[in-house]
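Throughout the sequence shown, residue numbering follows this note's numbering, covering 40 to 275 in sequence.
Ideal Cβ positions, reconstructed from N, Cα and C, are used throughout, including at glycine.
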Amino acid sequence: MILGHIGARMGSKGVPGKNFLPLCGKPLIDWSLDQLFANPRVGAVVVSTDDPRIHAHALQRGAIDIGLRPAHLATDTAPKWQVWQHALEASEARVGPVSAFLDLDCTSPLRLPQDIDGALDLFLAEHPDMVMSCCEARKNPYFNLVEPDATGALHVSKPLPGGVWARQDAPVVYEHVGVVYVVAPDYLRRAASIYEGRVIPYVLPAERCHDIDSPYDLRLVEFLLRDQLDAGLAKA
Numbered sequence: 040m041i042l043g044h045i046g047a048r049m050g051s052k053g054v055p056g057k058n059f060l061p062l063c064g065k066p067l068i069d070w071s072l073d074q075l076f077a078n079p080r081v082g083a084v085v086v087s088t089d090d091p092r093i094h095a096h097a098l099q100r101g102a103i104d105i106g107l108r109p110a111h112l113a114t115d116t117a118p119k120w121q122v123w124q125h126a127l128e129a130s131e132a133r134v135g136p137v138s139a140f141l142d143l144d145c146t147s148p149l150r151l152p153q154d155i156d157g158a159l160d161l162f163l164a165e166h167p168d169m170v171m172s173c174c175e176a177r178k179n180p181y182f183n184l185v186e187p188d189a190t191g192a193l194h195v196s197k198p199l200p201g202g203v204w205a206r207q208d209a210p211v212v213y214e215h216v217g218v219v220y221v222v223a224p225d226y227l228r229r230a231a232s233i234y235e236g237r238v239i240p241y242v243l244p245a246e247r248c249h250d251i252d253s254p255y256d257l258r259l260v261e262f263l264l265r266d267q268l269d270a271g272l273a274k275a
């Protein structure tokens, strides 16, 4: 059984209460919840949260009840990996063994249903420890990301012999984005962090990889989401 998971912590410094803010006609979390409940491959859905309002909303929608997230997993510094481990353990205690742990970031509502299916297909075809959504990085540390040395002078972050003078000649670099993750349950149980095993990219267009971390992000995502709705790609 594939377990769909959404993490929705109550606190947010950039956009207070963002996970339940209205966005294009419904709470932000519902853009992800709707996709999980609509996907026939997802056998159960769980929401990990420390927010009683979000918890009650998720249960009303049909999510399984694992209670509120423990306090030590509800801080700004709590690792996503540990939140996932807790959600998997608590969920399996209620619904039985899970064949794949499918996580959608609540703050990435621009994903399309085919993004979820594509990540699941890649996971089933390649049998990695984890599939992670990515997009090609907008800036490249071999070419146009720079950092200062001890004197304050700038240098390319990752210099190569002879230098890189055109972006297309630089090694491919991806941005890790929270659109969709698929994790092997055994790996999630045994590993201490994301990158210990074979983690492979599921590459998405950059226009669907915007995450809401600031008021500017919220305005930008709302604009792009309305474009999706107008084009019939998303459902309100």
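Is A77 helix, strand or coil when you go by DSSP?
Three-state result, A77: helix.
What do you get for D69, buried or exposed, if any count of 16 or more other CB atoms within 10 angstroms of its CB means buried?
buried
Does K57 pass the burial test, meaning 16 or more other C-beta atoms within 10 Å, or should it be called exposed?
buried
Can you tell me whether F140 is helix, strand or coil according to DSSP?
strand
Based on Cα-Cα distance, which residue from A95, G201, N78, P79 lies nearest to V86?
A95
Quick one: measure Cβ to Cβ for G236 and D168, integer angstroms, because I've assumed they're closer than 8 Å.
3 Å
Sort C174, I239, E128 by Cα distance to H249 and report the nearest one.
C174
Which residues bound the alpha helix (DSSP H) around G157?
152–165
Quick one: is Y255 buried, meaning 16 or more other Cβ sit within 10 Å of its Cβ, or exposed?
Taking a 10 Å sphere around the C-beta of Y255, we find fewer than 16 other C-beta atoms and assign the residue as exposed.
Can V137 and G46 be called in contact, C-beta distance under 7 Å?
no
In the DSSP assignment, what residue or residues form a beta bridge with E109?
The question names Glu, but residue 109 in the sequence shown is Pro. Its beta-bridge partners do not exist; DSSP assigns none.
Using a Cβ-Cβ cutoff of less than 8 Å, which residues in the same chain neighbour S253 once the five nearest sequence positions on both sides are dropped?
G53, V54
Rounded to a whole number of angstroms, what is the C-alpha to C-alpha distance between G101 and E261?
26 Å
I68, DSSP secondary structure in three states
helix
Under 7 Å between the Cβ atoms of Y241 and A158?
yes
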